[in-house]
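Going from the sequence shown to the numbering used here is simple: count from 1 and add 1.
Okay, so here's the structure we're looking at.
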Amino acid sequence: MDTYSRQGKLVRDRIPQIIRENGAEPVIYIAGRDEYRSRLRDKLGEEVAEFLEADEDSAPEELADVLEVVRALAVDLGVDADHLEKIRDGKAGERGGFADRIVWTGNR
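Here you go:
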């Protein structure tokens, strides 16, 4: 567990506003760069775990949350969404995607 996991968690940008609209006052602070990067990685694990536990009906919502965190991580690394898509597309062109459902069990 990293040093930032003990208190608080990274939330979406509008969460403090939503809390205020519901009559409470959120206690928040803005993370520094290193903390933000660490908390984004933690958030990715959290969102992936939620997706893996989701039923078929809620899976698309959870997968969208994973994608939101992936995009934030890309921006943090200085990679915009178009460039990230180009990287993904290049890998798919070289190695393929996962649409054919191939499971590799080893070599002979």
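The C-beta atom is built at its ideal place from N, Cα and C for all residues, glycine as well.
Since the structure is predicted, the reported quantities are computational estimates derived from the model, not experimental observations.
Tell me the start and end of each unbroken alpha helix (DSSP H) in the segment 77 to 105 that is at least 4 residues and wholly inside, in chain order. Here the runs fully enclosed are 82 to 96.
Quick one: Cα of Ile16 to Cα of Asp83, how far? If you draw a straight line from the Cα of Ile16 to the Cα of Asp83, it is about 27 Å long.
For Ala60, tell me which candidate among Gln18, Glu48, Val70 has the shortest Cα-Cα distance. Ranking the options by Cα distance to Ala60, first place goes to Glu48.
Residues of its chain near Leu41, where Cβ-Cβ distance is below 7 Å and the 5 sequence neighbours each way are ignored: Correct list, in chain order: Leu11, Val70, Ala73, Leu74, Asp77.
Per-residue DSSP class, three states only, for Ile29: Taken through DSSP and simplified to helix, strand or coil, Ile29 comes out as coil.
Use the C-beta contact count for Asp101: other C-beta atoms within 10 angstroms, 16 or more gives buried, fewer gives exposed. For Asp101, the number of other beta carbons within 10 angstroms of its own is below 16, and it is reported as exposed.
So Phe52 and Leu68 are supposed to be a Cβ contact under 8 Å. How far apart are they, rounded? Not confirmed; about 10 Å, so no contact.
Beta-carbon proximity list for Gly91, same chain, < 7 Å, skipping 5 on both sides: Hits under 7 Å: none found.
With burial defined as no fewer than 16 other Cβ atoms inside 10 Å of the residue's Cβ, what is the status of Lys87: buried or exposed? Exposed.
Ile20 versus Gly9 - alpha carbon distance: When rounded, the distance between both Cα atoms is 15 Å.
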